[in-house]
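Enquirer:
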Amino acid sequence: KKPEVVNEGPVEITYWHTYTEHHNEYLTGIVDEFNASQNEVKVVLVQQPYQDYDANLLQALRNGVGPDICSRFPTNVADYIDEDLLVDFAPYINDATIGIPNFKENLTGFVYGEITQWGDGAIYMIPNICTSEVFYYNKTLFEELNLEVPKTWEELEEVSRIIYQKTGKPGFGTDSAIDTFQGLLIQNGSGYINAKTKQMDLDYDVALEQLTWLADCIKEGIFRLPGDDYYLSGPFCSGAVASYIGSSAGVGYATMNGGAFEVGCAPIPQAGDVLYSSSWGGGFVCFKSTEAKAKAAYTFLKWFTSTEMTARWAINFGALPAYISGMETEAYQDYINTNIAAEALYASKDFINWLNAIKGSAGVRTAIDKMISEACLNNVDPKTALDDMIAAANAELNQ
Amino acid sequence: MRVKVKNLTKRFGEVTAVNSLTAEFESGKLIALLGPSGCGKTTMLNMLSGILPVTEGQIFFDEKDVTDLTPDKREVGLVFQNYALYPHMTVLENICFPLKIKKVSKAERIERAKEFAKMVHIEEYLNRKPKELSGGQQQRVAIARALVKNPKLLLLDEPLSNLDAKLRVEMREEIRRIQRESGVTTFFVTHDQEEASAISDYIMLMKLGEMQQYDKTRNLYNQPANLFVADFIGSPTINQLHGVYTKGGIKVDGDNQIIKTNHKWQVEEGSRVVLASRAEAITFNDKDDVKTKVVESYLSGKDTLVNLKIGSYNLRGYIDATKPIKIGDNLNIGFKTEGVFLFDELTGERYYE
Amino acid sequence: MRVKVKNLTKRFGEVTAVNSLTAEFESGKLIALLGPSGCGKTTMLNMLSGILPVTEGQIFFDEKDVTDLTPDKREVGLVFQNYALYPHMTVLENICFPLKIKKVSKAERIERAKEFAKMVHIEEYLNRKPKELSGGQQQRVAIARALVKNPKLLLLDEPLSNLDAKLRVEMREEIRRIQRESGVTTFFVTHDQEEASAISDYIMLMKLGEMQQYDKTRNLYNQPANLFVADFIGSPTINQLHGVYTKGGIKVDGDNQIIKTNHKWQVEEGSRVVLASRAEAITFNDKDDVKTKVVESYLSGKDTLVNLKIGSYNLRGYIDATKPIKIGDNLNIGFKTEGVFLFDELTGERYYE
Amino acid sequence: MSKFKRVKKYKSDEKVTAKTFLKPAIYLLPFILGILVFTVYPFFNAVAISFKEDYKVISDTFSGWGLGNYQKIFSDPTFIKAIINTTQYVLVVVSISLVISILIAVMLNSVEKLQGLFQTAYFMPMVTSSAAIGLVWRWLFNYDYGILNYLLSLFDVDAINFLNNPQYSMISLCIYGVWSMLPFTIILLLAGLQNIDPQYYTAAKVDGAKTIDIFFNITVPLLAPTIGLVAIVNMISSFKVFDALYMLFGGKPGPAYNLYTVIFYLYEQFYTKLKLGYAAASAIVLFAIILLFTMVQNRIQKKYDYY
Amino acid sequence: MKNTERNKKIILYLILAIGAFIMFFPFFWMIITSLKTGFEANKVPPTIFPAKATLDNYVYALKTAPFLKYFKNSVIVTIFCVTITMFNTILAAFAFSKMRFPGRDIIFAALVAMMMIPFEMLIITNYSTIVKLGLYDTIIALIIPFTSSIFYTYILRNFFMSVPDSLYHSAKIDGASDWQFLWEILVPIAKPSLVTIALLNAIACWNSFLWSILVINSTENRTLPFGLFAFTNETGIRYERLMAGATIVVLPMIILFLFARKSIVTGVSRGGLKG
Ligand SMILES: Nc1ncnc2c1ncn2[C@@H]1O[C@H](COP(=O)(O)OP(=O)(O)OP(=O)(O)O)[C@@H](O)[C@H]1O
Ligand SMILES: Nc1ncnc2c1ncn2[C@@H]1O[C@H](COP(=O)(O)OP(=O)(O)OP(=O)(O)O)[C@@H](O)[C@H]1O
Ligand SMILES: [Mg+2]
Ligand SMILES: [Mg+2]
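Here is the structure:
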């Protein structure tokens, strides 16, 4: 990057995002508001296409034409840290004058752990909102059949079987088999990735048991995977599947059924003691350039993640504020009552948790997906599939 | 195979290339198609072969109406004016192609192709591609390709135009021989009258898409149907004296004599006519009384070709080389009965006796 | 422009199309290129025009070595044997094209193009595309295109092959006229000897890529350089009697006479020779003592063309038609001095006196 | 004497001088310039990257030169599988699409009526949004309500899970691949057919050739240069198959990760794993494979160069 | 006899019609989907005809993205790209087909080999080049990398080769330089092929967004296909809106095709050449 010329006027920082439609509009509004509110920092908002965003960002960073800030996921952060690209926000956050008091305590769930997982007390991400998986169900059908909303996976299996017997259609599906499987692991007390040894840290029996169960349910026909529908919102709205787990942000799609039935939403089923719902929040990162820019970025982010703003943004986005103070605002509390997904999300807020994101963890997800499709679609024996997965995952982590 | 055409017409947009042509062509004959450039010869052949759909009229092969038959069903051989050799095939493959289509066994077709290649003297070039041949060589390949398949009707569009005199004579004799032996009805376009009369049984003379005369070869010379035919056929060109038919003779423009010949034309007094005479029909006997003046004279073998003036017209005749001739001499001439014709000046139609 | 070629050679792989040809062509002359099909005429023209790079040798225009000059710099006009008209242009545009390239103003080039179009009688077709023309019409467009730009060297590759006799004579006279008026050196490929002698100043006769004779037109007939020339030129073909030169005369194979003529050939006794004689060089006088037998006879105008047998060979001559001739008659003949040549049988070289 | 000596000759006697090169150089200048900057240079850059060990994408640093990337990809069964899959796909798709395209192009060329309509229809996929195409094909292939299965049911064939059963996914991919290759191929072949002088068809008809004879003896050989061209171009493009895969299987290489292709592998290495070194090495390997194939193809093609 | 001809014709048309239907269907589907409501577009199984056609999606699409600005940029990029590409391509194809110089075919083969390198690999370096040239986020960056196309040169060379050499010779005799021959004879004769290539090129330019999303940042310089991204985000795709957008985007190309089609098909047929 070119050395910054000391100049008058505000420090300009670029903010890349992939929001569209009203999200985009709203964000633009917020940024304008920020720019108008002070004259030290000017945020330039750049909308990027969602498709191939990772690659574009990468290319831009590589050539020094990337943004200063953007929202990213922990897996990406692991890669960026490897290349020493990110600004550590800890000094700012912990600063006496410009810092954010109660930063850690104010964060919801286990999010603080997620953003500091790379050690040294460094904070590379500043979260703003988070989403997670929720359970959508055909309320009308459930009521017709007199079914309870399942709280555990066993209940889910039972309910689904009944639905399958009554309607001939699967009772349940999941948009992301990977996340569902990860959830099953964690909820049943298994580990996932060991960041230190860079090895899979699974409870083998649990993993095998859960995989077998999932595969059996799918083969029986009571569960299904999205397959060539990609998202289950379509089949769900058309009545081809009675319930599914999908992103809380996808509520708009889940309810697009032309009024054919009422849609209900609940936190995802659980297995036992360890409550878990995976965090899909991500957070803002700032790419290293000049001190002034880093500071400007921090200034903006602090403003953007302030109690009022985080609530507003969460409401607009249909998500959960990452900060407890934000959730507790009146505005957000009112909002929950109008949005079933937000309500379900809010109910999960305490057990939204994260998994280790180190280099190679993206590869692990692929390996899990492959394992599930092998076991469920290709009639591969679950044990073989699991063994293959572990081998492949370890290879990914160990590179 | 007998060929009959009835009201055959071909129009290209505004242009009428062949105009309502009706004729019957005897089986097994060789018919020369003659006529000025652009008169419709190629068009005529193309319609016979089925390449060009007819605009109007019908074509019959023997008794069968083939007007709507596609070329592949007509079994004709055609040498295109531009050869149309297949550029991707060797000479041998080009010649073999019609046989290949007929499913003749490979050994046999190669043998036959080679035989014809030898006949047209291209046996050395069998493995060349057309573009590696000279113009005349290409033309000979085209001839071999048309002949090899024993067509029922053979159509040759100026097939010898690019050959030297010796080869030309040889080729035409070969074609004539094959035609005689196989008895295939053949149309032969040529612009060479000598060639036409040397090999054809009949000649069809065309002009502007219309048939002028279809007759035995020598009849075109001896009995031209109209002035155009008389003028087109024969070298040197027939002599033409324009004038008025008066008092049983012709008063040539610009001259006062009344020329009388021993013909009894059925023509009205006062008509404007053309008296046409072959050079060899001019006599130089003592009794001859038509007065002319010598304009030019050339020695031509044993004879002298004299160019004579009568009125505003010129006239050529052969006179014995022993007779001394000077330019400017007055010379009396006469007309034989044969080789002298009278035509209407306007329509070109012939007056008969 | 004077044209000189030196050791000009063109090989296509194995094939030698033109073989080490050296000659000088006078400025302003019309040279006819004659020779059997495939002898290298087109190749020769293509090298002169610059289309074909030469394999060996050099070409000079006046004194300038143009061997490596590209065609666009040579200012030649060329009528291609295959016309090579531009398919996307109308007739007018085709003719105008060379002028357009020369940046002649639009009005002027159209005027000139029209003038030449008229000359070759295609003025009616100016707006047609080449494919809408008959073969002869296309050829005439090609002629007009070559002539219109006043080239420094005019190369015509069988430019009249698709025209009828009348038009052909007319065209060749036009070409001759233009050539004379503009004084442009012109090469004219033709297979028609009559045409060649009618318009050319010189004839170059080729065979298998080699020049056989380059000379004034009548000299090829009267003074053939070798047997091939003698044989190729003239119609009917020259008579050839093969035999041995013995005792100052020729003993024809299969015959016992020793034929003596009034030539003093420089030839060794016992050589195998060919006695070649034009038909009109055969005399039938009382003193003539070479015995022959009549095989055939045709009436040809005032003369009878007789086919005579001597030894194993045939001989043609013209005899007065008044003389009664029967097949099988014995007939004594003699040889004139002119039109009688002696050649080496093996090499075809001529023995001079 | 040296004046008479020709130093060097090129094809049929053309003399080689500085000028021989100068003229084409001028004509080629703008083109070659662009190619050097935007194709040749990146190509060699890719070659270089493929030999860089531990290459870091963003910071453009590496630990040293070596064959590590190649060792790694060749010891990766996924990559080997990707090569096999890709080759299979290419052979099937290129040959089938070529045959269909030739037939359709010739048929299109031979009809007089409705030609415009047909051409437009055959051309439309080129402007149709790829998302729409993906949607439609997924629908056509659907197990429960897809048209293909409906058609199969008419012939009493059991429904096939085209997209979700790994056994059939390659077939589905090939069907889609053939389909998507048709418009371009047909258009080029149509243009090629325009260049054939109709007089050869005419001559063949006179020689008694039926439609079929003309097709095999005249049309195909005369079209051979164009056929060879599209064969090579299609081969190259289908060796780079990626979009079709992405489209049909929602960004996964087949329902059970069974359809890795070389480019998918490359894409994954680069975009999701940031292993540009591996990506570059696989690109170079792919390059070598395609080169091999086209050289073989070219050998066959040579025979048909009669221009 | 006539009947079999007729039957053949019918079969021919039938095959073509079926093929045309298969090829045309996705396009049809694009239009149909764009007229559906969100619910219907996502319906499983899909309906062929919308229960109630609506233009809402078009209204929405036009409102969402600044299509007019994008359209302007697209037109500029496409016109420049096609013009320069065709110019470069014509010159190069001419040099590689009609000019003769040693090494020609080898150089050409090497160029063709360059086509085999995956685009993804080239992009990495090209991106850097564009940034280094200071062209990042400019319209020029969308044009110059594609103006030298081996692909189109390859195709065009092939078509140029099929124009007989005798026309080249004829033009040379008429005094035309290579340049004049190229523009006066070769280009007009190869017009159908040129139009075909130009059309393919135009479509490629028009639709090329992978590259444009890389090197263009500001809304000012973005092109039409970018408008389509407004309908895809992390939560899913609104197909009905996407299809409406896509229809708007491809409309100009369809019009272009309908105009160009005539010249693609009615080639300059030969004639005027003998033998
Ligand atoms: N490209 C080529 N490759 C191989 N041989 C060739 C090529 N072009 C011509 N020839 C051969 O060279 C010889 C001379 O050809 P050229 O065209 O000059 O003959 P020509 O005298 O014009 O004959 P014609 O009167 O038949 O046109 C011929 O035998 C021909 O077969
Ligand atoms: N496709 C066409 N469109 C328009 N006119 C045409 C077409 N083809 C031929 N003609 C015209 O029809 C007339 C007859 O042409 P045709 O080719 O039959 O002549 P031809 O007798 O073979 O002449 P030539 O001896 O010159 O070859 C000519 O005047 C020609 O210009
Ligand atoms: Mg003709
Ligand atoms: Mg020739």
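Line by line, the protein sequences are chains A, B, C, D and E. Be aware that the first sequence starts at 15, since it is given in our numbering, and climbs by one per residue. Be aware that the second sequence starts at 14, since it is given in our numbering, and climbs by one per residue. Be aware that the third sequence starts at 14, since it is given in our numbering, and climbs by one per residue. Be aware that the fourth sequence starts at 1126, since it is given in our numbering, and climbs by one per residue. Be aware that the fifth sequence starts at 716, since it is given in our numbering, and climbs by one per residue. For each residue, glycine too, the CB sits at the ideal point set by N, CA and C.
(1) Can you pull the chain C residues whose beta carbon is under 7 Å from the beta carbon of residue 903 (chain E), in chain order?
(2) With ligand 5 as the reference, list in chain order each residue whose Cβ lies under 5 Å from any of its heavy atoms.
(3) Where does residue 126 (chain B) fall in DSSP's three states?
(4) Between the segment 1236 to 1251 of chain D and chain C, which residues of the former have CB atoms less than 7 Å from a CB of the latter, in chain order?
(5) Any heavy atom of ligand 1 closer than 7 Å to the beta-carbon of residue 380 (chain B)?
(6) Rounded to whole angstroms, what is the Cα-Cα separation between residue 241 (chain A) and residue 758 (chain E)?
(7) In this structure, does DSSP put residue 100 (chain C) in helix, strand or coil?
(8) Does the pairing of the segment 205 to 225 of chain C with the segment 333 to 343 of chain C give three or more beta-carbon distances under 8 Å?
(9) Cβ closer than 9 Å: which chain D residues qualify as neighbours of residue 392 (chain A)?
(10) Do you know how far the Cα of residue 1250 (chain D) is from the Cα of residue 1305 (chain D)?
(11) What residues in the segment 887 to 900 of chain E have a beta carbon less than 8 Å from any beta carbon of chain C?
(12) Is there at least one Cβ from chain A nearer than 8 Å to residue 1266 (chain D)'s Cβ?
(13) With a threshold of 7 Å (Cβ to nearest heavy atom), would residue 170 (chain C) be considered close to ligand 4?
(14) What do you get for residue 1169 (chain D), buried or exposed, if any count of 16 or more other CB atoms within 10 angstroms of its CB means buried?
(15) Find out if the Cβ-Cβ distance for the pair residue 1348 (chain D), residue 1318 (chain D) is shorter than 8 Å.
(16) Pair every Cβ in the segment 345 to 354 of chain B with every Cβ in the segment 277 to 294 of chain B, then say whether three or more of these pairs are closer than 8 Å.
(17) Go ahead and label residue 1302 (chain D) buried or exposed: buried means 16 or more other beta carbons lie within 10 angstroms of its beta carbon, across all protein chains shown.
(18) Assuming residue 329 (chain B) is part of the beta strand (DSSP E), what are its boundary residues?
(19) Residue 1402 (chain D) touches chain E at which residues, Cβ-Cβ below 8 Å?
(20) Are the segment 1361 to 1379 of chain D and the segment 1204 to 1216 of chain D touching, with three or more C-beta to C-beta distances below 8 Å?
(21) In angstroms with no decimal places, state the Cα-to-Cα distance between residue 892 (chain E) and residue 158 (chain C).
(22) Considering only C-alpha positions, which residue in the set A:285, A:130, A:408 and A:264 is nearest to residue 332 (chain A)?
(23) Ordered along the chain, which non-local residues of its own chain (more than five positions away) have a Cβ less than 8 Å from that of residue 1432 (chain D)?
(24) What separation, rounded to the nearest whole angstrom, lies between the Cα atoms of residue 11 (chain C) and residue 152 (chain B)?
(25) Expressed to the nearest angstrom, what Euclidean distance is found between the alpha-carbon atoms of residue 17 (chain A) and residue 270 (chain A)?
(26) Which same chain residues, not among the five before or five after residue 208 (chain A), have their C-beta less than 7 Å away from its C-beta?
(27) Where do the N-terminal and C-terminal ends of the beta strand (DSSP E) with residue 227 (chain C) fall, by residue?
(28) When burial is assigned at 16 or more other CB atoms within 10 Å of the CB, is residue 720 (chain E) buried or exposed?
(29) May I ask which residues mark the beginning and end of the alpha helix (DSSP H) holding residue 332 (chain A)?
(30) Excluding five sequence neighbours on each side, which residues of the same chain lie with their C-beta closer than 8 Å to the C-beta of residue 353 (chain B)?
(31) Report buried or exposed for residue 25 (chain B), applying the criterion of at least 16 other Cβ atoms within 10 angstroms of its Cβ.
(32) Where residue 57 (chain B) and residue 23 (chain B) are concerned, what is the direct C-alpha to C-alpha distance, given to the nearest angstrom?
(33) Interface residues of chain C around residue 248 (chain B) at Cβ under 8 Å?
(34) Between residue 365 (chain A) and residue 290 (chain A), what straight-line distance do the alpha-carbon atoms span, to the nearest angstrom?
Expert: Looking at the coordinates:
(1) Here the neighbours are 101.
(2) Summarising the ligand content, the structure contains ligand 1, ligand 2, ligand 3 and ligand 4 and does not contain ligand 5.
(3) Looking at residue 126 (chain B) - three-state DSSP - the assignment turns out to be helix.
(4) The segment 1236 to 1251 of chain D vs chain C, Cβ under 7 Å: nothing.
(5) Lying outside 14 to 366, the shown extent of chain B, residue 380 (chain B) is not represented and no answer is given.
(6) Residue 241 (chain A) and residue 758 (chain E) have their C-alpha atoms spaced approximately 16 Å apart.
(7) Coil at residue 100 (chain C), not helix or strand.
(8) Output reads no: the segment 333 to 343 of chain C does not touch the segment 205 to 225 of chain C.
(9) Here the neighbours are 1290, 1291, 1292, 1380, 1381 and 1383.
(10) A straight-line Cα-Cα distance of about 8 Å links residue 1305 (chain D) and residue 1250 (chain D).
(11) For the segment 887 to 900 of chain E, which is checked against every Cβ of chain C, the residues closer than 8 Å are 887, 888, 889, 890, 891, 892, 895, 899 and 900.
(12) Yes, residue 1266 (chain D) counts as interfacial toward chain A.
(13) Proximity of the beta carbon of residue 170 (chain C) to ligand 4 is indicated: a heavy atom of the ligand is located closer than 7 Å.
(14) If you draw a 10 Å sphere on the C-beta of residue 1169 (chain D), you find fewer than 16 other C-beta atoms in it, and that means exposed.
(15) Yes. Within cutoff.
(16) Because the criterion of three Cβ pairs below 8 Å is met, the segment 345 to 354 of chain B and the segment 277 to 294 of chain B touch.
(17) Residue 1302 (chain D) comes out buried.
(18) That run of the beta strand (DSSP E) goes 326 to 333.
(19) Under the 8 Å cutoff, chain E gives no residues; its nearest Cβ is about 12 Å from residue 1402 (chain D).
(20) Counting C-beta pairs closer than 8 Å gives three or more between the segment 1361 to 1379 of chain D and the segment 1204 to 1216 of chain D, which meets the contact rule.
(21) Cα to Cα, residue 892 (chain E) sits roughly 17 Å from residue 158 (chain C).
(22) Looking at the Cα atoms, A:264 is the closest of the given residues.
(23) Unreliable positioning characterises residue 1432 (chain D) in this predicted model, as indicated by a pLDDT of 46, which lies under 50. The coordinate reading is nonetheless provided below. For residue 1432 (chain D), where only same-chain residues beyond five positions count, the Cβ hits under 8 Å are 1350.
(24) Nothing in the structure corresponds to residue 11 (chain C), since chain C is present only between 14 and 366.
(25) Confidence in residue 17 (chain A) is poor, its pLDDT being 48 and thus under 50, which makes the residue's placement unreliable; the coordinate value appears in the next sentence. Residue 17 (chain A) and residue 270 (chain A) have their alpha carbons spaced roughly 51 Å apart.
(26) Excluding residues up to 5 positions away in sequence, 215 lie with their Cβ nearer than 7 Å to the Cβ of residue 208 (chain A) in the same chain.
(27) Its beta strand (DSSP E) spans residues 223 to 229.
(28) With fewer than 16 other beta carbons inside 10 angstroms of its own, residue 720 (chain E) counts as exposed.
(29) For residue 332 (chain A), there is no enclosing alpha helix (DSSP H), since its DSSP letter is neither H nor E.
(30) Beyond the five residues adjoining it in sequence on each side, residue 353 (chain B) comes within less than 8 Å, by CB distance, of 274, 276, 288, 289, 290, 291 and 294 in the same chain, given in chain order.
(31) Result: exposed.
(32) Approximately 8 Å between the Cα atoms of the pair.
(33) Contact of residue 248 (chain B) with chain C by beta-carbon distance below 8 Å involves 178.
(34) So the alpha carbons of these two residues sit roughly 5 Å apart.
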